[in-house]
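S.K.:
There are 4 protein chains.
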Amino acid sequence: MGTGPLPSPPDIVRSAYAELIVTDLARARWFWVDVLGFVVSESAPGVLYLRGYDELTHHNVILTEGAEPAASRLAFRVRTPGDLDQAVEFYDRLGCRTARLPAGNTPGIGAAVRAEDPLGFTVEFFHDAAPAGRLQQRYDLRRGAEVARIDHFNIVVPDVQSAYEYYRSLGFGLSETIEDAQTLYAAWMYRKQTVHDVAFTGGAGPRLHHLGFFAHETHHVLRTCDILGSLHEESHIERGPGRHGVSNAFYVYVRDPDGHRIEVYTSDYYTGDPDHPVLRWDVSDPRRRDFYGHVVIPSWYAEATTVLDLDGNPRPIAEQHQILESSVGADGFRVR
Amino acid sequence: MGTGPLPSPPDIVRSAYAELIVTDLARARWFWVDVLGFVVSESAPGVLYLRGYDELTHHNVILTEGAEPAASRLAFRVRTPGDLDQAVEFYDRLGCRTARLPAGNTPGIGAAVRAEDPLGFTVEFFHDAAPAGRLQQRYDLRRGAEVARIDHFNIVVPDVQSAYEYYRSLGFGLSETIEDAQTLYAAWMYRKQTVHDVAFTGGAGPRLHHLGFFAHETHHVLRTCDILGSLHEESHIERGPGRHGVSNAFYVYVRDPDGHRIEVYTSDYYTGDPDHPVLRWDVSDPRRRDFYGHVVIPSWYAEATTVLDLDGNPRPIAEQHQILESSVGADGFRVR
Amino acid sequence: MGTGPLPSPPDIVRSAYAELIVTDLARARWFWVDVLGFVVSESAPGVLYLRGYDELTHHNVILTEGAEPAASRLAFRVRTPGDLDQAVEFYDRLGCRTARLPAGNTPGIGAAVRAEDPLGFTVEFFHDAAPAGRLQQRYDLRRGAEVARIDHFNIVVPDVQSAYEYYRSLGFGLSETIEDAQTLYAAWMYRKQTVHDVAFTGGAGPRLHHLGFFAHETHHVLRTCDILGSLHEESHIERGPGRHGVSNAFYVYVRDPDGHRIEVYTSDYYTGDPDHPVLRWDVSDPRRRDFYGHVVIPSWYAEATTVLDLDGNPRPIAEQHQILESSVGADGFRVR
Amino acid sequence: MGTGPLPSPPDIVRSAYAELIVTDLARARWFWVDVLGFVVSESAPGVLYLRGYDELTHHNVILTEGAEPAASRLAFRVRTPGDLDQAVEFYDRLGCRTARLPAGNTPGIGAAVRAEDPLGFTVEFFHDAAPAGRLQQRYDLRRGAEVARIDHFNIVVPDVQSAYEYYRSLGFGLSETIEDAQTLYAAWMYRKQTVHDVAFTGGAGPRLHHLGFFAHETHHVLRTCDILGSLHEESHIERGPGRHGVSNAFYVYVRDPDGHRIEVYTSDYYTGDPDHPVLRWDVSDPRRRDFYGHVVIPSWYAEATTVLDLDGNPRPIAEQHQILESSVGADGFRVR
């Protein structure tokens, strides 16, 4: 571990993709591709590369067959090839284990750097990406949720304040929070000009709470639900449709056959101005998690996906170090 | 009471309006007019006449100030003036108390007949109605939920089978049911060519469960919720937004300041064919009440509006005579 | 031909289906099924039976391969089997040639009566219809325009006033007109409780102007256009998307590979009340045909489908007997 | 004028606001505020400051009463206060006249630099901006088109290639073009992560073609049209609703009472990746300007707003130096 001030972080452009371990790839394909309508960019035995209809790089999600459900890495795109060296230096100084991957190690992705970050997640940085066919105006091909692109990673961490400070050191801006005078319960942080690339939910972690995907209109969110009801697969709908107070997103959360949580949402806002102001929600405002005041289903706070270290082993989960939002917020009872 | 076969019932065109007693008319006006966007057709001290933007007759709802919240009558339009005599004869034969009201007794409504029906509700029949200005294409005036017109009355009755048989004798068609081998838990019945003009929910009754209003698109339903969240009045949103399995309606239920329940929905279907088939939902299908499988909030089954007799006195409430849907349906627990 | 007053007309429930002759069934199937998303109820060599997702009877459209594009009949459903005899008597008295067809002559349709009506169209009446699977809640199957059901026939006639009087004698109600002090340029008439089952456009006739199909929301209309653009088949989009002043329908008109015109629309209104008022548009109001004031493309007024007589021969086309709306209306120039 | 390589340009964040001269402020207010629903941030005699519902800085448009309709400046926000000096240096070196404005010269805007740019437009750069109240979640206040924020300036220039090169020197990325082997007919360029902050239409210039405003959903675009039809002000709708091939935007163009052109659109895409690819449309593709293949109304190519120099005098208009897209594109005739 180095000493002195942290070096400049890698210049992160955006959250780009995640790799999820699924226990039955055929069934995962049914859910992600046939039902939700993700585009298959590439496939190989035991692995699928998926993207949304607006995505112009190779993939937003990798589904890899394995013994236990998990999230093996969260990948960020960086602005220049030199940012990879910057990433190694940055994480070295933090005392984090890193690894360099050659181009092509992941199909569609150039040389990459991975690190076990201070929060316990395996994060990846890459610059080069294979282009993908432009499908935004192939309305004839759209199916399911018609997701446009990946938008963000939501992670469960035992200490939201630490997560916030770490991502601030990576150059992320803060768009919204849930807090009270004592505690930061949740935070939304961004590099690209949307509400977030990463968000933190307080709880036993490190775990992946969900992957968030942007769709263009509310009717796409509703269609996702309608299709699941049609197939009598409505039990995959965990929460929503509804609108978040935080971010203004109109959302639904679905769970894939391995329990990985997927948010399909629409309607957040531009955050690119240099003095973009933070929106702070009080933990007692029942609208913060659901603008319509509905109680959040307990599984949404409690359940999340195990994450893997650089060697592919599950990370141990620490209990929360802070009071949980779900125990203090107005979610636990009806206001009426 | 007469004997022999029932006479022909009055030829009912559709559910037309309801009168609700509200305890604070200013606050009711705020909710119905300012928030939900109902059109004020006429007002007088202590009373408001409201309609939707497509409605071409005088009103869909009367809000009358009074001491206790209640529903004083449910009014149906009939095809000819002669149907009023038919109504008197029909209810006389049933042994039900009736009353004739002269034209103008209710502003905008011609001569009317009222009856205390066998289910305990005060129902009204009228033929003549004052025309109302055509506002459908006054998009500049639309606000709130942009409801188009009243669609149906949903009533709570202790014995759904009896309610079904009574409305069948009135010439109503059956569109959908919730049932199992033993019990009819709920039924939807129509005169106009939609899924229903009246529906029955099993429970302590007679009570009014809700008034249903049609809006043209899902975004109108969502806007209703968004406005209530904006005003921090989200506690008025009781249930939804969501889609019903029954009727396919995309719905939200809101409660006015007196607790009167209002459904704003869109997307049901045409039922005008002579052999329109019945859709029967099994009470164990979690999609019947919410196509997305979500648990119905208990208040939705338990709470409803007191109804008044011909003299304006509250009707006594009988406990249910049947097993309640909410105690046998899959609503009480998550499927996942 | 009989004498004396006309007998009671058959009790028509609604416009039910049309048969179109297409010159290349494979290409027609591509357009109607693959692109527009109609459901195939049944197929046989040289013929396809199609319906919308809400339709509960066998078909809304028959596509039959033939040498020249044409519309061979427009079919109405009647309320009782006895209405078939009523139809024979009615058209006999009018001096119109009729034919009786046994059940099964058209798959999915019971016994039928056809007539060469006074306007020169072959119309059919039937009561019995085979039920079709309920697909409204199979959102997983929906594609294309997601049309729900057939709504209306729009026909070109040389004398709109005569067409109006004939359909009035059949018991149709009048919902809207385009007129001036001298001339009735167009009229919309209904049996079911919507704006129309049949409408008349003045011009050389008899010809079929278009078949109108209802979809539930505006985004379905837009999706129809987006798909055609995606496939570089945008030349099939003749007019729209836009909103009609008349009927308030948000519409698009597309032309199939044989030039048959199809309207996909949403958002008209209920017309079931006994005193439903007529909405009369002045021919000089540029909003009557396009609520946004846009000029109607000339082909929309000029082109239409040849219709066949009872023997399958093309009906001769008479030039209009009246001044054409397109020559007097404000459509020919911009208001600005 | 300096020599040698150009200095680094100011670091532009986004297009931020424009000032338009209107001849009747009361009537302009009616159109922009009452009809289109823009938020009034501030007003003073002879001037209005307007913004969209998502905008978090003081204004997106200034409407100033004056003798002749014009656009007096197009303003860009820059990343740091130091970028103002950078702007002066940059334009000095280009030989362009500049002016420094103290903070508060424009309400809500800090110190600014203006320049008469090489294309003949008066552009402004500012860093400091007064915050504005967050209204995104005040759905109760929304009216009209519900525009969220300004998105872009579209300008008419006699030489699109030169405009492209100039904006490239300012650090703008290129998202889409209309071109053929010989000519660049139109180009879309961005700083923020959307399709454009500025776009060029070939024609007599310098003139302002339109201001583009983002709305969240297609129904907001349609509502804009519906309101204008409702008010019998449909002649303000110049073109659309429709979808652009370029940018995928679903659009409508309206003209304010002085003829200033306003685009309300939804649905473009993210352009923030370092290697974002250019989408090049051939000028012969009828979908480039209208994805549905409709002919572009001639006024849309021909008419535009005069621009003013630093002293407030109209800039002389040079005829186009290139073949115009409207004379070579497929817009002039129907494909069918």
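Chains as they are written, first to last, in the numbering used here: chain A, 680 to 1015; chain B, 680 to 1015; chain C, 680 to 1015; chain D, 680 to 1015. We treat Cβ as the ideally placed atom computed from N, Cα and C, and that holds for glycine.
Here's the rule I'm using: 16 or more other beta-carbon atoms within 10 Å means buried, otherwise exposed. How should HIS738 of chain A be labelled?
M.R.: Label assigned to HIS738 of chain A: buried.
S.K.: With a cut-off of 9 Å, does the C-beta of ASP905 of chain D fall near any C-beta of chain C?
M.R.: It does: the Cβ of ASP905 of chain D has a partner Cβ on chain C nearer than 9 Å.
S.K.: Within 9 Å (strictly less), CB to CB, does GLU896 of chain B reach chain C?
M.R.: Yes, because at least one Cβ of chain C sits closer than 9 Å to the Cβ of GLU896 of chain B.
S.K.: Indicate whether at least one CB of chain B lies closer than 9 Å to the CB of TYR818 of chain D.
M.R.: It does; some Cβ of chain B falls within 9 Å.
S.K.: Bridge partners for TYR930 of chain B per DSSP, in chain order?
M.R.: B:GLY921, B:TYR944.
S.K.: Give me whichever residues DSSP pairs with THR743 of chain C in a beta bridge.
M.R.: Its beta-bridge partners are C:ILE700, C:VAL726.
S.K.: For the alpha helix (DSSP H) containing PHE804 of chain C, name the first residue and the last one.
M.R.: Not the alpha helix (DSSP H): PHE804 of chain C falls in the beta strand (DSSP E), residues 801-805.
S.K.: How many whole angstroms separate the CB atoms of ARG886 of chain C and VAL925 of chain C, which I take to be in contact at a CB cut-off of 8 Å?
M.R.: Incorrect: roughly 20 Å between the Cβ atoms, too far for contact.
S.K.: Of all the options B:HIS895, B:ARG793, B:ASP713, B:ALA782, which has the alpha carbon lying nearest to the alpha carbon of ARG752 of chain B?
M.R.: Answer by Cα proximity: B:ARG793.
S.K.: Provide the residue(s) that pair with LEU987 of chain A in DSSP beta bridges, ordered along the chain.
M.R.: Per DSSP, A:PRO993.
S.K.: For a contact meaning CB atoms closer than 8 Å, what does LEU910 of chain B contact in chain D?
M.R.: Ordered by position in chain D, the residues that pass the 8 Å Cβ test against LEU910 of chain B are ASP819.
S.K.: How would you call ASN992 of chain C, buried or exposed, if buried means at least 16 neighbouring beta carbons within 10 angstroms?
M.R.: Classification for ASN992 of chain C: exposed.
S.K.: Based on Cα-Cα distance, which residue from C:VAL874, C:LEU727, C:SER946, C:TYR971 lies nearest to THR897 of chain C?
M.R.: The candidate whose alpha carbon is nearest that of THR897 of chain C is C:SER946.
S.K.: Nearest by alpha-carbon distance to PRO786 of chain B: which of B:LEU890, B:GLY731, B:ILE1002, B:VAL740 is it?
M.R.: The shortest Cα separation from PRO786 of chain B among B:LEU890, B:GLY731, B:ILE1002, B:VAL740 belongs to B:VAL740.
S.K.: Please determine, among C:TYR869, C:LEU907, C:ASP905, the residue with the shortest C-alpha to C-alpha distance to ARG693 of chain C.
M.R.: Answer by Cα proximity: C:TYR869.
S.K.: Applying the criterion that 16 or more other CB atoms from any shown protein chain within 10 Å of the CB defines a buried residue, is VAL900 of chain B buried or exposed?
M.R.: Buried is the call here.
S.K.: Any idea what DSSP makes of ILE906 of chain B, helix, strand or coil?
M.R.: Reduced to three states, the DSSP call for ILE906 of chain B is helix.
S.K.: Flag TYR948 of chain B as yes if its beta-carbon sits less than 9 Å from any beta-carbon of chain C, otherwise no.
M.R.: Yes, because at least one Cβ of chain C sits closer than 9 Å to the Cβ of TYR948 of chain B.
S.K.: Residues bridged to SER834 of chain C by DSSP?
M.R.: This sequence places Ile at residue 834 of chain C; Ser is not what is there. According to DSSP, ILE834 of chain C bridges with C:PHE879, C:LEU887.
S.K.: Hey, is PRO748 of chain A's beta-carbon within less than 9 Å of any beta-carbon in chain D?
M.R.: No, because no Cβ of chain D sits closer than 9 Å to the Cβ of PRO748 of chain A.
S.K.: Only counting the same chain, and skipping five residues up and downstream in sequence, which positions put a Cβ closer than 6 Å to that of GLY1008 of chain C?
M.R.: Excluding residues within five positions, the ones whose Cβ falls inside 6 Å are VAL962.
S.K.: Strictly below 9 Å CB to CB, what residues from chain A border ARG902 of chain C?
M.R.: By Cβ distance, chain A contributes TYR818, ARG821.
S.K.: Quick one: list the residues of chain D neighbouring GLY951 of chain A, beta-carbon separation under 8 Å, in chain order.
M.R.: Neighbours of GLY951 of chain A on chain D, chain order: VAL692, ARG693, LYS871, GLN872.
S.K.: Do you know how far the Cα of VAL726 of chain B is from the Cα of THR702 of chain B?
M.R.: When rounded, the distance between both Cα atoms is 11 Å.
S.K.: For SER854 of chain B, which three-state DSSP category applies?
M.R.: In this structure, SER854 of chain B counts as strand in the three-state DSSP scheme.
S.K.: Between GLU913 of chain C and chain D, is there a C-beta pair that is closer than 9 Å?
M.R.: Yes, GLU913 of chain C counts as interfacial toward chain D.
S.K.: Report the rounded CA-to-CA distance for GLY745 of chain C versus LEU699 of chain C, giving the unit in angstroms.
M.R.: So the two alpha carbons sit approximately 9 Å from each other.
S.K.: Is the shortest distance between the beta-carbon of GLY774 of chain D and the beta-carbons of chain C less than 9 Å?
M.R.: Output row for GLY774 of chain D: interface = no.
S.K.: Does the region 980-996 of chain B touch the region 757-773 of chain B, meaning 3 or more C-beta pairs lie closer than 8 Å?
M.R.: Not touching, per the Cβ criterion.
S.K.: In whole angstroms, give me the CA-to-CA distance for GLY1011 of chain A and TYR728 of chain A.
M.R.: Because GLY1011 of chain A sits at a pLDDT of 44, beneath the cut-off of 50, its placement in the model cannot be relied upon, and the point is left open.
S.K.: So PRO965 of chain B contacts chain A; which residues on that side make the cut at Cβ distance below 7 Å?
M.R.: GLU913, listed in chain order.
S.K.: Considering only the alpha carbon of each residue, which of C:GLN816, C:TYR930, C:LEU820, C:ASP937 lies closest to VAL719 of chain C?
M.R.: Comparing Cα positions, the closest option is C:LEU820.
S.K.: Bridge partners of GLU795 of chain C, per DSSP?
M.R.: Its beta-bridge partners are C:THR801.
S.K.: Taking ILE906 of chain C as the reference, which of C:ASP935, C:PRO748, C:ALA824 has the closest Cα?
M.R.: For the residues C:ASP935, C:PRO748, C:ALA824, the minimum Cα distance to ILE906 of chain C belongs to C:ALA824.
S.K.: Of the residues that make up the region 968-1001 of chain A, which ones have a beta carbon closer than 9 Å to any beta carbon in chain B?
M.R.: Flagged, chain order: ASP969, PHE970, TYR971, GLY972, HIS973, VAL974, ILE976, SER978.
S.K.: Going by Cα to Cα distance, which pick from D:PRO689, D:ILE691, D:ARG708 is closest to PRO936 of chain D?
M.R.: Nearest option by C-alpha distance: D:ARG708.
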